[in-house]
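Report on the following structure.
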Amino acid sequence: MIFGIGTDVVEFARIENLFARYGERFARRVLSEREWAEFQANTNQRRFLAKRFAAKEAFAKAAGSG
């Protein structure tokens, strides 16, 4: 299977707003269990969440489902 190239740019304010509105529920929906543990230990949780969200969006685009 050949994958394409996916890129994604996330507007940090958008992730901050989603996190402020939905909090842990949003983070748990985006992150795996392992990422969740890293997220909880991270001092800059919103940045961590934004980076993981962008990476997953880029992969989805490369796989043709995003």
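Letter by letter, the sequence shown follows residues 21 to 86 of the numbering used here. Heads up, the beta-carbon is just placed ideally off N, CA and C, and yes, glycines get one too. Values in this document were obtained by computation on a predicted structure and should not be read as measured data.
Element boundaries [alpha helix (DSSP H), containing residue i]
{"i": "residue 25", "result": "No alpha helix (DSSP H) holds residue 25; DSSP gives it neither H nor E."}
Exposure label - residue i; buried when at least 16 CB within 10 Å
{"i": "residue 25", "result": "exposed"}
{"i": "residue 49", "result": "exposed"}
Pair within 9 angstroms by beta-carbon distance, residue i and residue j
{"i": "residue 58", "j": "residue 68", "result": "yes"}
{"i": "residue 83", "j": "residue 35", "result": "no"}
{"i": "residue 73", "j": "residue 29", "result": "no"}
{"i": "residue 47", "j": "residue 65", "result": "yes"}
Close Cβ partners of residue i (< 8 angstroms) along its chain, the five nearest in sequence each way excluded
{"i": "residue 27", "result": "78 and 81"}
{"i": "residue 56", "result": "47 and 48"}
{"i": "residue 38", "result": "46"}
Close beta carbons around residue i, own chain, < 7 angstroms, minus the five adjacent residues each side
{"i": "residue 62", "result": "68"}
4-residue-minimum alpha helix (DSSP H) runs that sit fully inside the segment 43 to 86, ordered along the chain:
With a minimum length of 4 residues, the continuous alpha helix (DSSP H) runs that stay inside the segment 43 to 86 are 44 to 50, 53 to 61 and 65 to 83.
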